[in-house]
């Protein structure tokens with residue numbers, strides 16, 4: 028219990044956000060919007076780690092360090108993904124996933 | 535209702551509403567802006583929990599870095615006034631059924647679980663503890679992941695430069 032806020036509230040919030048991200052990932056066809064859905068999913072996992080750290084295991088900072096590493100990996104992933112997206116746009120002039128059906132260039 | 539509960543509910547309403555707008559908005563630049571609101575209110579949640587350093591990192595790196603990167607790539611790859619096509623109804627229904635079923639399953643499981651909740655300790659997250667944890671090699675030390683993350687960031691930087699470079703073929 029964090030001063031009146033039970034951990035279930037955090038978990039329900041992050042579950043909702045996670046599945047909104049899943050919905051966006053399944054529905055969208057534009058690559059950049061799919062990347063945004065992935066950011067939503069990663070962010071919900073971060074909320075989970077921080078809430079577990081604060082409420083269940085307050086003695087150490089394990090959840091916080093994991094969240095820091097998740098944020099760093101998300102930054103690296105976003106930069107590489109955007110480089111790939113720009114490269115694809117240069118070749119195919121759009122970034123729809125359904126138009127990308129050949130790997131060979 | 536205490537202050538903490540009120541702030542938590544405020545942040546969570548903002549997060550859920552703007553997440554929904556992020557995945558349903560038809561204008562891609564607006565979707566990026568809504569994602570920015572989601573990330574900022576997540577950092578508000580971290581401030582509420584007392585992780586000041588983590589909230590600052592979230593604001594600068596996520597809201598400052600990644601969203602700006604996404605907005606740059608949106609401006610490079612599509613027109614501002616361009617609207618995304620509405621996805622077909624069957625696809626939306628299948629995706630919504632999958633997401634809602636998974637969410638209901640997880641939420642039911644969460645609500646039936648009893649967690650052992652402890653009293654929290656407000657003085658743990660000062661910057662000195664974080665720095666010592668990052669660089670110590672003993673128990674609860676994170677020197678190895680810290681070094682691995684630095685190599686990963688270098689590799690990502692070189693890789694994205696090489697990928698986005700114009701080829702002379």
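Chains as they are written, first to last, in this note's numbering: chain W, 28 to 132; chain Z, 535 to 703.
Think of the CB as a built atom: it goes at the ideal place given N, C-alpha and C, for glycine as much as any other residue.
Those residues of the segment 622-639 of chain Z placed with their C-beta closer than 7 angstroms to a C-beta in chain W are 625, 626, 629, 630, 632, 633, 636 and 637, ordered along the chain. By the criterion of a C-beta distance shorter than 7 angstroms, residue 91 of chain W is surrounded in its chain by 77 and 80, once the five residues flanking it on both sides are discounted.
Residue 48 of chain W sits buried, since 16 or more C-beta atoms from the chains shown fall within 10 Å of its C-beta. In this structure, residue 114 of chain W sits away from residue 603 of chain Z, with a CB-CB distance that is not shorter than 8 angstroms. When DSSP states are grouped into helix, strand and coil, residue 617 of chain Z belongs to the strand group. Between the alpha carbons of residue 99 of chain W and residue 687 of chain Z lies a distance of about 8 angstroms. Listed by position along chain Z, the residues whose Cβ is nearer than 8 angstroms to that of residue 129 of chain W form an empty set, because the closest Cβ is around 17 angstroms away. Taken in chain order, the complete alpha helix (DSSP H) segments of 4 residues or longer contained in the segment 624-703 of chain Z are 661-669 and 677-698. For a cut-off of 8 angstroms, the C-beta gap from residue 59 of chain W to residue 562 of chain Z is around 6 angstroms, short enough to register as a contact.
The contact set of residue 34 of chain W on chain Z, defined by CB atoms closer than 8 angstroms, consists of 649 and 651 in chain order.
Interface annotation, residue 66 of chain W: in contact with chain Z, CB-CB separation under 8 angstroms.
Partner residues in the beta bridge of residue 57 of chain W, as assigned by DSSP, are W:123. In the structure shown, residue 561 of chain Z falls within a strand segment according to DSSP collapsed to helix, strand and coil. Among the residues facing chain W, residue 567 of chain Z is not included, as its CB has no counterpart in that chain under 8 angstroms away.
Chain W has a Cβ within less than 8 angstroms of the Cβ of residue 693 of chain Z. Around the C-beta of residue 75 of chain W, 16 or more other C-beta atoms lie within 10 Å, and the residue is accordingly described as buried. For residue 609 of chain Z, the nearest beta carbon of chain W is not closer than 8 angstroms to its own beta carbon.
Residue 644 of chain Z is not a Cβ neighbour of residue 587 of chain Z, given a cutoff of 8 angstroms.
A Cβ-Cβ distance of about 22 angstroms is found for the pair residue 690 of chain Z and residue 124 of chain W, leaving them out of contact under the 8 angstroms criterion. Relative to residue 119 of chain W, the option among Z:593, Z:626 and Z:612 whose CA is nearest is Z:612. By the Cβ neighbour-count rule, residue 121 of chain W is exposed, with fewer than 16 other Cβ atoms within 10 Å of its own. Closest option to residue 681 of chain Z, judged by alpha-carbon separation, among W:105, W:110, W:96 and W:109: W:96. The beta carbon of residue 589 of chain Z sits closer than 7 angstroms to those of 577, 580 and 581, all from its chain and outside the five residues before and after it, given in chain order. In the DSSP assignment, residue 608 of chain Z falls within the unbroken alpha helix (DSSP H) covering 601-611.
The residue among Z:642, Z:542 and Z:659 with its C-alpha nearest the C-alpha of residue 86 of chain W is Z:659. Pairing residue 574 of chain Z with residue 593 of chain Z gives a Cβ-Cβ distance under 8 angstroms. Non-local C-beta neighbours of residue 542 of chain Z in its own chain, meaning closer than 8 angstroms and more than five positions away in sequence, comprise 579 and 582, ordered along the chain. Boundaries of the alpha helix (DSSP H) around residue 587 of chain Z: 586-591.
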